[in-house]
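Just so you know, the sequences run in chain order A and B. Going by our numbering, the first residue of the first sequence is number 45, and it counts up by one from there. Going by our numbering, the first residue of the second sequence is number 29, and it counts up by one from there. Where is the CB? At the ideal position from N, CA and C, for every residue including glycine. Let me begin by presenting the structure, written as structure tokens, before commenting on it.
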Amino acid sequence: MTQVVLFNVLNGLIVGAFYALMALGLSLILNLSGVINFAHGGFLALGAYLAYSMAPYLGFWGGLVIAPFLTAFLGILVERVLIRRLYGRDPLYSLLLTFGFALIFQDVFKYVWGASSVPYQIPGWLGSPLSTSLFFLTGYRVFMVLIVALAVGALFLILGYTRLGIRIRAGTLDLDTVSVLGVNVRVLRNLNFGLGIYLAGLAGVLAAGLLGLSPTIGDQLIMPSFVAIIVGGLGSLPGTLAGGLLIGVAAGLTAVYFPTAQEAVIYVMMALVLLVRPHGLFGDAGRH
Amino acid sequence: MAGLQGNGIQRRTVLKAGVAVGALQIAAPYIVKAQGEQSLKIGVDNPLTGIYTALGTNENTGMQLAAEQANAKGGILGRKIELVIEDSTSDKADVAVQKARKLIQSDKVDFLIGNVNSSMAIAISQVAGELKTPHIVPGGHADVITGTSCQWTSFRVCNTGAMQGNAMAKPLVGIGKKIYIIAQDYAFGHSLADGLTKGAQAAGGTIIGTDFFPLGTTDYSATLIKARGANPDVLVDLAAGDDGINSLKQAVQFGIDKQVHLAGMQQELEVLEGLPPEARVGTWLFEWYWNQPSSVPGVADFVAAIRKKTNKVPTARTWFGYAALWSFVLAANNAKSIEGVKVCHALEGLKLPPEVACQPGEPFYRAEDHQLVPAVFVGHAQAKGASDPEDLFVVDQVEQGSTFMPPTSQTNCKLNYPT
């Protein structure tokens, strides 16, 4: 029994890392721009579909590298043309816009790639277990954790040591002062959005290796990201990272004892956090 | 003056009357047409969004082909069939029910077809029963639809869990006696699991474990870890749609197919197409398959017609929709009426002709519970067809309905026709 528990906790960490990747992108956008990006799942799916279409020409690795950049580019366009106009207004407007975008994305995917799932392939040597006893530790899942670690590491380096990153962090605290100090806030928000969408696109390519690639792949994965942000705390990126890992492990543990509740448990956790510590485990008290 | 006015009024009245009649012609042309030329509306309440989009869309394609073919032959009692299509969503039962009511009460459809989702099929069959509208379920599998929840208005094309359990029991137990089942936690999953449990035990096998996971689960590690730990001979995966793809993809990544025989009951071409080639493994049951020997009448024409329409082969879902619509056409034409009770009585015992059945044997609707008695195709998946990239399943044997239908005493359906 302890073996099963251990397996599931380990696996929970792997899945949690994935949730964290998605949640970080969402959190970046939310913190700086105050936009709840309901289309995040759509961008995730777009990254996956682009990688699928590029696979015959560039292979799995080419798709992995290029698809997130293409997705980020589209994200930058969307922000520049559509979302930017709604910053001054009630947050409900941008929520409605991104929600509408999520629906548009689904239909575009159906139109271009079909309503059925398409067979996305990962290299054979990745898609097999590393050992016979720990059979659920496939090369691909370990690879996924490595990529997530790299991406998260790179993100924190950017935020900590580059001008862009420092400005983003400052902007999260007080955007007006940053603007007064001469930073082009429009470009800052634009690039920040692009950064968040890059993470979504990357998450999409990774997800397509584990799941069937269908127009709804983003919807299935978007809710845990929101929960991760709430559990970890709004406004805190390390909090979001911890939140993702936490709900992954919680789902893994629950799967051992109450398998039918493994999806529900993350919402139970969210409810508990909201009741006991509403600003999240690592969030700053007093933030909206 | 009076005379002139009199003439003017007369002429103007005539002119006004003439304009009014002319306007009436444009505004309400139905006055001119005879009743018989009005189209006969058939409502379709199937998922066009969400996880069952592909399945619902394929069923609708089959219905559209059937409607076109039937209209070319005169439609229903001389009236052209018009399909009124609504999106039931894949999981919002309240929307499905609301659409069903809208189709029947507002669009005034004479017949209703739907739904892929078993729970929603049950819900709309209750609406159809209440509103006395003949209703066919093409692809909702839960047993109770032609069992304890049966309605005199509702008929079903696809299989039940009990039928599949009986049909697959011997083939599965023949592979291995210790069977572990994983299934989706809703009406459909439970139905299939129950059906297989009863069938396998009767065939001498043992179900060493049954695990239900939530619909829409993305990560199957926990489920598969547990299943693998139980050391079965056969791991039966009853998940359908995207869950089927995800669970199989991950099972193969874990190498489980190399240690345990992967199998299941109903499998669909949509799922096999969505899997990478290395994951197209296992022993399955197909309710209908496109690649049949040329000796089976009807198949080649049907496959060609669908290929022309969509550039893809028909799946079982396409055939469900096709058979459902044709069933209404045949029943109404046989009954020479579109009245509910007459059409439903005409559907009871209706044998599908070869060009509609597209399979060996003569499928017919059983009068006691309105369930179609078909053939099924048992076989194994293959990574790639030798002759056709869409040939992903090899049929090892065809079983006829008489060998696996549960007796009507077991289905517990009581049809309450209005007196």
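>> Distance cutoff 7 Å, beta carbons only. Does residue 213(B) sit that close to anything in chain A?
In response: Interface residue, yes.
>> Tell me the DSSP secondary structure of residue 199(B) in three-state form.
In response: In the structure shown, residue 199(B) sits in a helix (DSSP, three-state: H, G or I).
> So which residues on chain B does residue 184(A) lean against when the C-beta distance must stay under 8 Å?
Replying inline: Here the neighbours are 281.
> What are the boundary residues of the beta strand (DSSP E) that residue 373(B) is part of?
Replying inline: Taken as a continuous stretch (DSSP letters only), residue 373(B) belongs to no beta strand (DSSP E), being part of the alpha helix (DSSP H) at 368–375.
>> Tell me the rounded alpha-carbon separation between residue 411(B) and residue 308(B).
In response: Rounded to whole angstroms, residue 411(B) to residue 308(B) spans 5 Å at the Cα level.
> Under a Cβ-count criterion, where at least 16 other Cβ atoms within 10 Å of its own Cβ denotes burial, should residue 302(A) be classed as buried or exposed?
Replying inline: The residue in question, residue 302(A), is exposed, as its Cβ has fewer than 16 Cβ neighbours within 10 Å.
>> Quick check on this structure: which residue in 66(A), 222(A), 78(A) and 230(A) has the alpha carbon closest to the alpha carbon of residue 136(A)?
In response: For residue 136(A), the nearest C-alpha among the options comes from 78(A).
> Taking the Cβ atom as the reference point for each residue, do residue 378(B) and residue 391(B) lie within a distance shorter than 7 Å?
Replying inline: With a cutoff of 7 Å on beta-carbon distance, residue 378(B) and residue 391(B) are scored as not near each other.
>> Looking at the secondary structure, which residues open and close the beta strand (DSSP E) in which residue 74(B) lies?
In response: It spans 68–74 - the beta strand (DSSP E) in which residue 74(B) sits, taken as one unbroken run.
>> Please state the DSSP three-state secondary structure of residue 173(A).
In response: When DSSP states are grouped into helix, strand and coil, residue 173(A) belongs to the strand group.
>> Three or more C-beta pairs under 8 Å: does that hold for the segment 93–101 of chain A against the segment 155–171 of chain A?
In response: The segment 93–101 of chain A is in contact with the segment 155–171 of chain A.
> What are the complete beta strand (DSSP E) segments, minimum 3 residues, inside the segment 242–330 of chain A?
Replying inline: Within the segment 242–330 of chain A, no complete beta strand (DSSP E) run reaches 3 residues.
> Taking just the CA atoms, how far does residue 294(B) sit from residue 142(B)?
Replying inline: Distance between the alpha carbons of residue 142(B) and residue 294(B) is about 19 Å.
> Is the Cβ of residue 96(B) closer than 7 Å to any Cβ of chain A?
Replying inline: The beta-carbon of residue 96(B) is placed no less than 7 Å from the nearest beta-carbon of chain A.
> Buried or exposed: residue 233(A), going by 16 or more other Cβ atoms within 10 Å of its Cβ?
Replying inline: The residue in question, residue 233(A), is buried, as its Cβ has 16 or more Cβ neighbours within 10 Å.
> Using a beta-carbon distance below 7 Å, is residue 146(A) in contact with chain B?
Replying inline: Chain B contact via Cβ: absent.
> Is residue 219(B) buried or exposed, if buried means 16 or more other CB atoms sit within 10 Å of its CB?
Replying inline: Classification of residue 219(B): buried, given that the 10 Å Cβ count is 16 or more.
>> Less than 7 Å between C-beta atoms, sequence neighbours within five positions excluded: which residues of the same chain meet that for residue 145(B)?
In response: Closer than 7 Å at Cβ, skipping near neighbours: 75, 80, 118, 119 and 168.
>> Judging by CA-CA distance, which residue of 246(A), 273(A), 278(A) and 126(A) is the nearest neighbour of residue 110(A)?
In response: Selected option, being the one with the closest Cα: 246(A).
>> DSSP has residue 409(B) in a bridge; who is on the other side?
In response: DSSP lists 421(B) as partners of residue 409(B).
> Within 10 angstroms of its Cβ, does residue 60(B) collect 16 or more other Cβ (buried), or is it exposed?
Replying inline: With a pLDDT of 48 at residue 60(B), under the threshold of 50, the predicted position of this residue should be treated as unreliable, and no value is reported.
> How is residue 181(B) classed by DSSP in three states: helix, strand or coil?
Replying inline: DSSP places residue 181(B) in the coil class of the three-state scheme, outside both helix and strand.
> When the Cα atoms are used, what is the spatial distance from residue 257(A) to residue 150(A)?
Replying inline: Going from the Cα of residue 257(A) to the Cα of residue 150(A) covers about 12 Å.
>> DSSP has residue 114(B) in a bridge; who is on the other side?
In response: Answer by DSSP bridge pairing, in chain order: 73(B).
> Where does residue 282(A) land, buried or exposed, given buried means 16+ other C-beta within 10 angstroms?
Replying inline: By the neighbour-count definition (other C-beta atoms within 10 Å, threshold 16), residue 282(A) is an exposed residue.
>> Strictly below 9 Å CB to CB, what residues from chain B border residue 333(A)?
In response: Only positions 45 to 332 of chain A appear in this structure, which leaves residue 333(A) out of reach.
>> Rounded to the nearest angstrom, what separates residue 88(B) and residue 46(A) at their Cα positions?
In response: Separation of residue 88(B) and residue 46(A) (C-alpha to C-alpha, rounded to the nearest whole angstrom) is 49 Å.
>> Distance cutoff 7 Å, beta carbons only. Does residue 175(A) sit that close to anything in chain B?
In response: So no, residue 175(A) is outside the interface.
>> I need the straight-line Cα distance from residue 222(A) to residue 188(A), nearest angstrom please.
In response: So the two alpha carbons sit approximately 36 Å from each other.
> Which word fits residue 230(A), buried or exposed, when buried means at least 16 other C-beta atoms lie within 10 angstroms of its C-beta?
Replying inline: Residue environment analysis places residue 230(A) among the exposed positions, since fewer than 16 neighbouring C-beta atoms fall within 10 angstroms of its C-beta.
> Touching or not, the segment 199–218 of chain A and the segment 47–63 of chain A, by the rule of three or more beta carbon pairs under 8 Å?
Replying inline: Contact fails: fewer than three Cβ-Cβ distances are below 8 Å.
> If we ignore side chains and look at the alpha-carbon of each, how far apart do residue 175(A) and residue 439(B) end up?
Replying inline: A straight-line Cα-Cα distance of about 47 Å links residue 175(A) and residue 439(B).
> Quick one: what's got a C-beta closer than 8 Å to residue 181(B)'s C-beta in the same chain, skipping five residues either side?
Replying inline: For residue 181(B), same chain residues with a beta-carbon under 8 Å away, outside a window of 5 residues either side, are 153, 156, 157, 160, 161, 162, 163, 368 and 372 in chain order.
> For the candidate residues 317(A), 131(A), 65(A) and 268(A), whose alpha-carbon lies nearest to that of residue 190(A)?
Replying inline: Measuring from the Cα of residue 190(A), the nearest candidate turns out to be 65(A).
> Excluding five sequence neighbours on each side, which residues of the same chain lie with their C-beta closer than 8 Å to the C-beta of residue 179(A)?
Replying inline: Contacts found: 173.
> Could you give the distance in angstroms between the alpha-carbon of residue 138(A) and the alpha-carbon of residue 116(A)?
Replying inline: Their Cα atoms are separated by approximately 18 Å.
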